[in-house]
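Here the structure comes first, spelled out in structure tokens, and everything after it is commentary.
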Amino acid sequence: MSLLATEPIRLLLSLLCIVAFVGGNAAYLVLAERKGAGRFQNRPGPNEAGYGGWLQPIADVGKLISKQLMVPPDADRLLFRLAPLVVLTPAMMCLAVIPFGDTLVARNINVGLLMVFSFGSINVMAILLSGWASRNKFAIMSSARVVSQNVAYEIPMLLVVITLLMATGSMDLGEIVRQQAGGFWHWNFCRVWINPLMPVTFVIFFICMLAETNRAPFDMAEAESELVAGAFTEYGSMGFGVFFMAEYANIVLGCSLATVLFFGGWQTGLGAVPAAWGGWGVLVGLGFFMAKMYALIFTVIWVRWTFPRTQFYSLLNLSWKILIPVSLFTLLLSSAMIKLLPR
Amino acid sequence: MPATLEQIREHFSGMDGAVTTPADHAAKGYDLDVALAAGGVVAAAEYLGGIGFSLDTMTGVDWIAQNEMEVVYDYFHPASPLRIVVRTRVPRDNPEVPTVSGVFPGANWHERETHDFFGIRFAGHPNLTPLLLPEDADYHPLRKDFVA
Amino acid sequence: MSASFDIGAPSKSGETFVLNLGPQHPAAHGVLRVKMTMDGEYVMRSEPVIGYIHRMHEKMGENRPLAQFLPNTGRIDYLSALHYNHAFVGAVERAARIEVPPRAEFIRVITSELNRISSHLVWWGAFLLDLGGFTPLLYAFDDREKILDLLEGVTGSRLTYCYFRFGGVRDDLDEGFAGRTRAFIAQMRPRLKMYRQLVTDNVILRKRLEDIGPISPELCRKYGATGPVIRGSGVPYDVRKVEPYSVYSQLDFDVPVYPEGDCMGRYRVRMDEIAQSLRIIEQALDKLPDGPTLGKVPRVLKLPVGDVCYAVEAARGRLMVRIVSDGKEAAYRLKLRTPSFSNMSLFEEASRGMMLADALALMGSLDLVIPDIDR
Amino acid sequence: MKTSLLAVPRGFLSLLTGMRVTLAQFFKPAVTVQYPWQTLKMPARFRGHIELIIDPETGRYRCIACKLCERACPSDCIVVDGAKLEGEKRKSVTQYQMDFTKCSLCGECIEACPSDAIRFSRAYNLAGTSKDEYHYDLMKRPGPGEQGP
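Chains as they are written, first to last, in our numbering: chain A, 191 to 533; chain B, 20 to 167; chain C, 4 to 378; chain D, 23 to 171.
Here you go:
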């Protein structure tokens, strides 16, 4: 017992949990996405493998693993194999600081938010690597697009996060959640007295998250009707599988972060969990966290199956001409309100 | 206002060696049939293009019995029901017709196709390479003496 | 000499590379290859390479009796097979002076217009797929399935129809067809509204299509582009109106025209055409006369010597069949003027200097069917 | 680009409208058929491969082996043979081969038939592992007595 309580063991266990969480989510979010797409398109989606298709992810992974990992001739062999690892690791690292419950956090550090963003930026590096190493024209065009896209969208995303930080005064994700305790009107999304544009801030955050994770309508990295499969054109087998997993890991991360920042993390929104529930209270909190996170993930899927892809340049226009000015404005507005209005 | 049939007919009657035959649209699908010498097709295209006609299509016909190749140009007008057919015959052993792709860029592909199928050469064509047939094709399948 | 054939737009960086789009590419919808000289994302010059599925239908038409060419007509443009049926039987009827009973003509119009709607629905879905929207395709196919069911009841086939015959149609409408078709029309109209809400009004789509790929009427004229391409450039050219065939002159319908000439113009023309086709079908069902569906045709059909043309408005534009006859059972020369061929030929000039994604939007808006180009 | 300030919220609203449309579809039942667990009934005029009609009175094929279908076929996929049976004026079919790999289901043969002896079947669940499986001997397929109405 005492051994379990020691910090390194606890950390190791938490990391294992995160890996399992990411793996399970990636596998079953693919199924959820396909099922969801099916529902949006009036069809059942995959339903042959197992009851209602529940074994589909296992069949998919089995298929991917059994295939040969081809490295195209003249490709940079090292970078080509490295890219899938580089894309998946940061997402997992970031999840270590996400507080799923009051005490359910792998490693609580007081600059958690900063860590999420610094590791999150490595994602673009991985796609750049894969595109470059593939030695494929489509892949290179795709990675060039992805770099400019990610640079463009990191700015408004950071701006809205700064807006939020002004209100919270802390980069500790646990602390940010604790500040949102109480009724749901205490969630940052609803705290219009700090900044009347808080919902707009969330929308900007959400759009940027879609763009950062390269999801439709901003899926420039893949853009299957233009660039075949973009940066992943030459990948097969689990190399492609890992990119796929990373996409979902990034979605999980983005939606978790949105839950923490805007929707009160593990807070129920109905008041505090009675202290008498003890350990069960944490589980209730976890349940609420997951419910909010998956609702956001559903929205991400919903958006993907509704809209056509944007053009590359209107994507950049959207960021530089609309999102950045608006987020700058919210930044100014909330700083002014914090200065002028009594707390 | 597009030119009337009479005006067009009058114009072509003035051309050297042109034979114009009016046709009943309901029975033939076109209004005027103009037979020209091969040299006149560019002038015809320029004239028809100038009064707003567009090249509908062009094709060859292999008249093997007469030892001649015919090239048929169909013109349509986007604003009037008039259809003009311009045709010219060239000897089968040396089928060469000047290109009209300078007047109608759309003729570029039509001429390449006609060259593919009949082996008719279009003098002055910028890129007379096989279009529908494989790039190394040296046969002309719509010639009547073609054996697969 | 036109210089436009070999000189592309000026390069911005001075470095170019060649991108082979196809023959297997998700946006080519078939085996079409476009050799693009790119400057980064900009298309400097694009050279379509066609003929991958060339089948020499014209030669087949020359070595078999006319009636045996009928199954070929359904396989040139597999999305609007009935129009090709119509053009071919129309040409033969014109040459042989075969009378077509009025009921057969109305059935031809009804089934052709249904076919036009189904073709436009496939285009709509596939075009949205080109633009990265997946869901509309499934909605379009759901509606199209209903049309295919209707046409299957009449013709027995779902895609490559061989239904029109010289002098009429093979079978009369099947029982309950009128009722089912009216029910479909009533169902389709709210769906068109849904399409508008989901796609046409969508700001992303409008940003992608408005002012993209402008095609001027002059460009259409130079290349012989027809159908929704020329109508999206503001020219009200529709064979059904300009050169009325069958019983179109008895039916009241509008020709949708948008003067913009951009991808959105062509998009709107096709969406409006679906509504107009519904109108035509409704009227034709109201006016449908009784009577035979097949006129008198000699058992061995020989066309008189001479040539004849017959044009119809296919879903993609002006389709013309020219038959040259030497009095035998088979045609001496059979020429198919297919709309996609001419529409595709202007891509080279129109795509110059565009960005890749926009060039593909332009290609999608031309509504290409590759076997229709290659024949 | 002309973008008025109002264009941004308007564009956003159009996105929400689109999302409302897809959400409404989300709760509608699937329109697909789960083939092969569910199958559809083919319409009366469905064009399957051709089959020989058995005369219900005599219980024999109506075909008189006149070979008009053979001649009418655009793709030369029919081979018919017949013989005169003892004491009969008409010929009877002894062999009716059809190469379904070439058939384009145009119906020329059915229209050419003077004795209404062939029609389209409604067989559509056709799958095979080699081309040879589609060289049909129509006198064996389907066997006499198995013919539907």
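Note that the Cβ used here is the ideal one computed from N, Cα and C, for glycine as well.
Query: Assigned secondary structure, Arg-185(C) (DSSP; H/G/I helix, E/B strand, else coil); Result: helix
Query: Residues sharing a beta bridge with His-96(B), DSSP; Result: Ser-99(B)
Query: Under 9 Å between C-beta atoms of Gly-170(C) and Ala-334(C); Result: no
Query: Interface flag, Ala-46(B) vs chain C, CB-CB below 9 Å; Result: yes
Query: Short CB-CB distance (under 9 Å) between Asp-145(C) and chain A; Result: yes
Query: Chain-ordered residues of the region 225-244 of chain A with a beta carbon less than 7 Å from chain D; Result: Arg-229, Phe-230, Asn-232, Arg-233, Pro-234
Query: Chain D contact for Trp-492(A) (CB, 9 Å cutoff); Result: yes
Query: Interface residues of chain D facing Phe-270(A) [CB-CB closer than 7 Å]; Result: Ordered by position in chain D, no residue passes the 7 Å Cβ test against Phe-270(A), which lies about 37 Å from the chain.
Query: Chain-order list of residues whose beta-carbon lies under 7 Å from that of Ser-32(B) (same chain, five-residue window excluded); Result: Thr-39
Query: Neighbour list for Phe-20(C) in chain A, Cβ cutoff strictly below 8 Å; Result: Lys-327
Query: At least 3 beta-carbon pairs within less than 8 Å: the region 311-323 of chain C vs the region 244-259 of chain C; Result: yes
Query: Status (buried if at least 16 other CB within 10 Å, exposed otherwise) for Glu-412(A); Result: buried
Query: Listed by chain order, chain B residues near Val-245(C) by CB distance under 9 Å; Result: Phe-95, His-96, Pro-97, Ala-98, Ser-99, Pro-100
Query: Beta carbon proximity, Glu-44(C) to chain A, threshold 9 Å; Result: yes
Query: Limits of the unbroken beta strand (DSSP E) element including Phe-422(A); Result: From DSSP, Phe-422(A) is part of no beta strand (DSSP E); its letter is neither H nor E.
Query: Alpha-carbon to alpha-carbon, Asn-205(C) and Ala-181(C); Result: 35 Å
Query: For Thr-167(C), the residue or residues it bridges with in DSSP; Result: It should be pointed out that residue 167(C) corresponds to Phe in this sequence rather than to Thr. The partner list for Phe-167(C) (beta bridge, DSSP) reads Val-172(C).
Query: Rounded Cβ spacing between Arg-102(B) and Met-88(B) (contact assumed at less than 8 Å); Result: With a Cβ gap of about 23 Å, Arg-102(B) and Met-88(B) do not count as contacting.
Query: Whole-angstrom distance between Arg-229(A) and Gly-170(D), CA atom to CA atom; Result: The predicted model places Gly-170(D) with a pLDDT of 45, which falls under 50 and marks its position as unreliable; any figure quoted below should be read in that light. Approximately 38 Å, taken between the alpha carbons.
Query: Under 7 Å by beta carbon: chain D residues contacting Thr-496(A); Result: Gly-40, Met-41, Thr-44
Query: Range of the contiguous beta strand (DSSP E) that encloses His-173(D); Result: Here chain D comprises residues numbered 23 to 171, so residue 173(D) is not present and cannot be evaluated.
Query: Ala-465(A), buried or exposed, once every other Cβ within 10 Å from all chains shown has been counted against 16; Result: exposed
Query: Beta-carbon neighbours of Leu-161(B), restricted to chain C and to distances below 7 Å; Result: Glu-61, Lys-62
Query: Spatially closest choice to Thr-116(D) from Gly-40(D), Leu-107(D), Asn-147(D), by CA coordinates; Result: Leu-107(D)
Query: Cβ shell of Gly-54(C) (< 6 Å), same chain only, five flanking positions each side left out; Result: Asp-377
Query: Chain C within 9 Å of Gln-119(D), Cβ atoms only; Result: no
Query: Interface partners of His-28(C) on chain A, CB under 8 Å; Result: Val-418
Query: Min CB distance Gly-11(B) to chain C below 9 Å; Result: This structure cannot settle anything about residue 11(B), because the visible part of chain B is limited to 20 through 167.
Query: Residue span of the beta strand (DSSP E) that contains Asn-23(C), given as start and end; Result: 20-24
Query: Exposed unless 16 or more other CB atoms sit within 10 angstroms - verdict on Ala-364(C); Result: buried
Query: Three-state secondary structure assigned by DSSP to Val-37(C); Result: strand
Query: Where Leu-531(A) sits in the DSSP three-state scheme; Result: coil
Query: Inter-residue spacing [alpha-carbon to alpha-carbon] between Leu-530(A) and Thr-520(A); Result: 15 Å
Query: Distance between beta carbons of Val-372(C) and Asp-80(C), contact taken as under 8 Å; Result: 5 Å
Query: Between the CA atoms of Ser-280(C) and Leu-304(A) - distance to the nearest angstrom; Result: 59 Å
Query: Cα-Cα separation, Pro-96(D) to Gly-298(C); Result: 22 Å
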